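Number of protein chains: 4
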Amino acid sequence: MSSNSFGKLFTVTTFGESHGPAIGCVIDGCPPGLPIDAGEFRHDLDRRATGKSRHTSQRREADEVEILSGVYEGRSTGTPIALLIRNTDQRSKDYGDIAQTFRPGHADYSYWQKYGIRDPRGGGRSSARETTMRVAAAVVAKKWLAERHGVRVRGYLSQLGDAKPRGFDWNAVEQNPFFWPCAEQVPELEKAMDALRKSGDSVGARVTVVADGVPPGWGEPIYGKLDGDLASALMSINAVKGVEIGDGFAAVEQHGSQHRDEMRLDGFTSNHAGGILGGISTGQAVVASIALKPTSSILIPGRSVNLAGEPVEVVTKGRHDPCVGVRATPIAEAMMALVLMDHALRHRAQCGDVGAVQPRIP
Amino acid sequence: MSSNSFGKLFTVTTFGESHGPAIGCVIDGCPPGLPIDAGEFRHDLDRRATGKSRHTSQRREADEVEILSGVYEGRSTGTPIALLIRNTDQRSKDYGDIAQTFRPGHADYSYWQKYGIRDPRGGGRSSARETTMRVAAAVVAKKWLAERHGVRVRGYLSQLGDAKPRGFDWNAVEQNPFFWPCAEQVPELEKAMDALRKSGDSVGARVTVVADGVPPGWGEPIYGKLDGDLASALMSINAVKGVEIGDGFAAVEQHGSQHRDEMRLDGFTSNHAGGILGGISTGQAVVASIALKPTSSILIPGRSVNLAGEPVEVVTKGRHDPCVGVRATPIAEAMMALVLMDHALRHRAQCGDVGAVQPRIP
Amino acid sequence: MSSNSFGKLFTVTTFGESHGPAIGCVIDGCPPGLPIDAGEFRHDLDRRATGKSRHTSQRREADEVEILSGVYEGRSTGTPIALLIRNTDQRSKDYGDIAQTFRPGHADYSYWQKYGIRDPRGGGRSSARETTMRVAAAVVAKKWLAERHGVRVRGYLSQLGDAKPRGFDWNAVEQNPFFWPCAEQVPELEKAMDALRKSGDSVGARVTVVADGVPPGWGEPIYGKLDGDLASALMSINAVKGVEIGDGFAAVEQHGSQHRDEMRLDGFTSNHAGGILGGISTGQAVVASIALKPTSSILIPGRSVNLAGEPVEVVTKGRHDPCVGVRATPIAEAMMALVLMDHALRHRAQCGDVGAVQPRIP
Amino acid sequence: MSSNSFGKLFTVTTFGESHGPAIGCVIDGCPPGLPIDAGEFRHDLDRRATGKSRHTSQRREADEVEILSGVYEGRSTGTPIALLIRNTDQRSKDYGDIAQTFRPGHADYSYWQKYGIRDPRGGGRSSARETTMRVAAAVVAKKWLAERHGVRVRGYLSQLGDAKPRGFDWNAVEQNPFFWPCAEQVPELEKAMDALRKSGDSVGARVTVVADGVPPGWGEPIYGKLDGDLASALMSINAVKGVEIGDGFAAVEQHGSQHRDEMRLDGFTSNHAGGILGGISTGQAVVASIALKPTSSILIPGRSVNLAGEPVEVVTKGRHDPCVGVRATPIAEAMMALVLMDHALRHRAQCGDVGAVQPRIP
């Protein structure tokens, strides 16, 4: 499979650079007959949009999705659905400096070593701009998962630097620019972000995604495990350095008597496993978390080298994002939705539509 | 790709159940001309073997590897290399109980819900027995990586329950049954394991794997990133609940000025990134860690349900492993070696043999 | 996907050389619950067996299939089914000559140029011995297709040199060593084969395969077309130089008014298309034919070069096959069954189990 | 792999319907540094263009290629190259009739049975319009193959109905609208085509493609054979019903002494094999031929059924193509170029850049 494609049966291929003419994706394998309208992409793209608040950087993309194929009279036809977004914000900035320098913590050096050429404009292909198309593709996946199986995928910011939620309310999540689940903490977070921006530095974050309604049986042992595919999907998001399923690294210090989720006729008594056992969903909520590193584009100068092989000092000019994790929630949701969609189709390929054997606990 | 296959160009397909006639694998894509001898598998298989010490369970597999194909006069021919290990320890135990019951924390319930049938003997396909073939296949990968690129993949146990290494010495790692990097702590760990076994409980662990000598340029954006592929490879190991690259979840609380690895002409000044930026290797050591949950097979009874839909109490009989993470180190090394091997071939497919562009820092 | 694997969802990976220790395959993606017994492989393997009659070469393989995994208590479990056949007929012949020489018309030279090493014993990996495992794997596919969809795959020899059937009777096909559909011609064919063997030469053949009962809707545009996949599947059989769907090359001289299959409420009025339109099955019989070249292993000397770069004369010693196409029928059936099985699963992945829209013509 | 993607390492994903907003493709895996200019697509797209002569139908597409990604300062960067062509000729024709009827010989019925929905405008996804993007993608492949390996891919019409070339001259091929290799016959062919159009009927054709300069060693046994991949690639072209490698079906009546290509130090003495043995290139010209059926869109009425389940008579209105094979040559060349490109990369992945072992015959 091409390395810019994701998913075995619900396959999303993305293309495009941050400051090229356009970004886009091709969705192959969408079941036919699904209602799809260009307007439906608006909501999630807005949630992801970089210009959402003063806490994220200022590019204000129009992000108008054009459906180029695969939809006829408002419904998917089973053929590839191509989506296109023109890059309207291609400022004719001078990239001369960036083109000559390897910014520390960025992919500049590794791309250069791999390809011997790189598009320096706004990070080129390695820009988080690419994730826009993941979110767009996932709109289709989320819709099918909801209509067909009642699956709902939601996420929230579960840590911002050293701040952790003091309470939890799904309703709060969508009502603040951080996707933070505890409303009363939001003013503190805003203050902390402002201070951080002022200092010219950045901080990491943690995002948690939860899928409700996933039936038992999705996931394929051994190398197509649901958690294995979630791990690569989430790790492929820009700035992610760690992935956890369920309790994740907390399990290192747990005892077996504490970690294993017991079963009763009315359901599991806990969900330390994060809804996956042996790589296959159990019917509980599927839970995953990711660690996002602090962005390397900060106002504090950093040492590096340039194309001429000379030592240089690099400093990001203008505004910067004190925490890129703040806008990662919709992207993490998107990746989980794409993984689940793919496995829904894979499951019915091998095991059919028919459904559960008995007993099934709630 | 089949879900029991791993790798795009160096493709390893495994088969076999814990207590079936045999386990095996097919390695497709091995470069021709590599010297391979059946005896070479011994070392790593012994390291993985479950009967290694009193701290791991007692199955004593012969694990004699038979090379069925792909090697002629001691060298790989470029055609599929099939390896076979007979399961000699197929005790004709009565699996009636296990077959009727879903053990908590195991894959019994999820396999049943997916397939409507499962092989209950020793965990069937979901047994860690399968990882034997990963280790065997990785012997081939490690050898090519070492001969061709000077890459060396090594791992160690970086946490056992709440115990962390007080010192670090690669030489110590292979001289104790825990792969622990600090020799003076070994007696304490043994004592702790004995106490845990006595209590009938288990504990989690953390394993870290390091690859030295990886050249810059391996890894493919966007969905074939080196870290993304490592994440799925490592998450696919039994009992793994989390994966970190470099600093991993510690990055959540770090600042950008602290996390980003600056570059000087004599090299990077640090390696918080774990040797990967933008999904592509930087030339630094590639570092990944995993969290292993405490095994669910413990002597302490647990509640569950059975096939008849009745509540039952499940208890593991006989000896048990107080920490399955203790034998995970060779498996984690194997998965990292397989990922690196695959990306070595993928890199030369797209970018050729030729090597680095300038400047390359050490 | 590995190049020794076939099929996207019903994936068959084969391994083994003609005179190595064993040949085998791994079937991944088989639906769970299918009854499978080691004895079931006998029938088709015997049909393929090279020692079937005096018209094929004399290797008398035992071809005992051992099921290594994926079957529990006589039913598939959904995990990989590994099949193994030991090569019992590994005569310790001296391959020195063959190892030094590139036989004309064989893969010796191309393998050598690709890999720089080759297993010369009996043709190594390029031997038709490998097709044994295709036939074995297809036994599983045929069974599922028959049980689930009532699909039946049958083939026959449709031309032997310049001889064409004068009549057609499916019942005749299995009652002569040629799979010839016209019983009265068999004595003539035997005579012709004897004469050919005496002359030390060989001749080509044509095989036709027909699948009845294939429902409309199998096949995926654009690059996963049913006919496209049949083409590669059939072309991958040793000695095949051409593939036709339906009327094939006869269509070159046909008119549109003659070729297009008209439809009436009681069905299609003809089947020039071979049951496939736009890459998707129509519900008619799927029909494909292949051209097999005359074997190059003949008693008549041929010019070639050797490893030392010298001109040599090559001659096959001992018995030879005057027409390898005579035993190709079961192999061609196998490849069609594997393609159909794969597309059955692919179809239900995207479009579900549900079945036809109206109107469907018989 | 997605079914709208082609190639394992040089992966081309196409999208778009005949009368949708646009068609396009994404090329993934292109080696970095290749000079690519939007103007380079013109030549081959013009050769394929349907409005080329009075012998092909009249749609006059602008076919302006826009490069959306993957190219920076005129060179490929190694990231996905997306190409887009707007459909300018979307006449707001009434498709009501076609939408209600299954045209005989077209994919209308099979698409409907598969998906339960279809885009009837101009054939939707099953239109030959899609092949435009194959030709565009192959421009990139051809360029790399030529620059890197000196490979040249050329094709010609080798039969038109029952007319066969009386002479052969590559120079003639590009100087007539049929890609016919014998200039003196062109007036006859034009006359025949005019007569055919007048009669309202159509006829089939045969196209042959030849690649010179392919080094020995490309192609992967067993299921990734060069001829196997060519077979599926060529069979996936609209209207193709047969594929031959080298002598193809003529081999059925040949003798082994005649068919096998002998080798001398100064090269092969013949090329019946079409440059491929055991699925691997031999260094000779790679030769393949295809059979194209007569188009079903003719002025002569045909019987069919409609969506209401009633018998109907279908007749194509307006101008029609008397032979679709006339414009298939550039498409067949494109598919061969894409297959060769993919195998060039696959070969160097497994076997390295290094090149041939000795002896290599010219």
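Going down the list, the protein sequences come from chains F, S, P and V.
If you want our numbering, it's the 1-based position in the first sequence plus 113.
If you want our numbering, it's the 1-based position in the second sequence plus 113.
If you want our numbering, it's the 1-based position in the third sequence plus 113.
If you want our numbering, it's the 1-based position in the fourth sequence plus 113.
Glycine included, every Cβ here is placed at the ideal spot set by N, Cα and C.
Treat the numbers as computed from the prediction; the structure is a model and nothing was measured.
Neighbour flag for residue i against chain P, beta carbons, 8 angstroms
i      : result
W225/V : yes
L339/F : no
P329/V : yes
L197/V : no
Burial state of residue i (16 or more Cβ within 10 Å)
i      : result
V428/F : exposed
K61/F  : Summary: the structure shown does not reach residue 61/F, with chain F confined to residues 114 through 475, and so no result is reported for it.
D150/V : exposed
T201/F : exposed
T382/V : exposed
P294/F : buried
A401/V : buried
A421/S : exposed
R440/S : buried
Cβ of residue i within 8 angstroms of any chain S Cβ
i      : result
G191/V : yes
E297/P : no
N117/P : yes
L258/V : no
A122/V : Per the sequence shown, the amino acid found at residue 122/V is Leu instead of Ala. Yes, L122/V counts as interfacial toward chain S.
Interface partners of residue i on chain S, CB under 9 angstroms
i      : result
D466/V : R461, G465, D466 and V467
S131/F : Neighbours of S131/F on chain S: none; closest Cβ ~13 angstroms, over 9 angstroms.
Closer than 8 angstroms to chain B by CB, residue i
i      : result
L453/V : The displayed structure is made up of protein chains F, S, P and V, and chain B is not among them.
Alpha carbon of residue i to alpha carbon of residue j, nearest angstrom
i      : j      : result
G129/S : M246/P : 18 angstroms
A276/P : R473/P : 39 angstroms
A135/F : D176/F : 10 angstroms
I498/V : T321/V : Nothing about residue 498/V can be reported from this structure: the residues present for chain V run from 114 to 475 only.
T192/P : R199/S : 18 angstroms
Closer than 8 angstroms at the beta carbon, the chain F residues around residue i
i      : result
P145/P : Q463 and C464
T334/P : Reading off the sequence shown, one finds Pro at residue 334/P, where the question assumed Thr. Ordered by position in chain F, the residues that pass the 8 angstroms Cβ test against P334/P are T192.
G229/V : P145 and G146
7 angstroms Cβ cut-off: residues of chain S touching residue i
i      : result
G142/V : Q463
Min CB distance residue i to chain V below 8 angstroms
i      : result
G164/F : For G164/F, the predicted structure reports a pLDDT of 47, less than 50, and the residue's modelled location is therefore unreliable. A value from the coordinates is still provided. No, G164/F lies away from the interface with chain V (no Cβ there is under 8 angstroms from its Cβ).
L181/S : no
P407/P : yes
F215/P : yes
Contact list for residue i against chain S, beta-carbon separation under 8 angstroms
i      : result
L458/V : A462 and Q463
H372/F : G218, G317, K406, P407 and S409
Partners in chain P for residue i, counting only beta-carbon separations shorter than 8 angstroms
i      : result
R160/S : By Cβ distance, chain P contributes nothing, its closest Cβ being about 24 angstroms from R160/S, past 8 angstroms.
T126/S : S115, S118, T126, V139, D141 and P193
Residue-chain proximity (residue i, chain F), Cβ-Cβ < 8 angstroms
i      : result
R188/V : yes
G274/S : yes
Amino acids of chain V, ordered along the chain, whose beta-carbon sits closer than 9 angstroms to that of residue i
i      : result
R238/F : S182, G183, T190, G191, T192 and P193
Contacts of residue i in chain F (Cβ-Cβ under 7 angstroms)
i      : result
D314/S : H368, G369 and S370
A344/S : A344, S345, M348 and V356
Proximal chain V residues relative to residue i, where beta-carbon distance stays under 7 angstroms
i      : result
G361/P : K354, G355 and A404
The ligand ZN heavy atom lying under 7 angstroms from the CB of residue i
i      : result
D150/F : With respect to small molecules bound, the structure shown includes none, and the ligand ZN cannot be examined in it.
Next item on the list: Could you name each continuous beta strand (DSSP E) segment of 3 residues or more that falls completely within the stretch 207–286 of chain F, going from the start of the chain to the end?
Entry: 265–273
Notebook entry, point to check: Mind pulling the beta strand (DSSP E) runs of 3 or more residues that sit fully within the stretch 275–339 of chain F?
Noted result: 318–325
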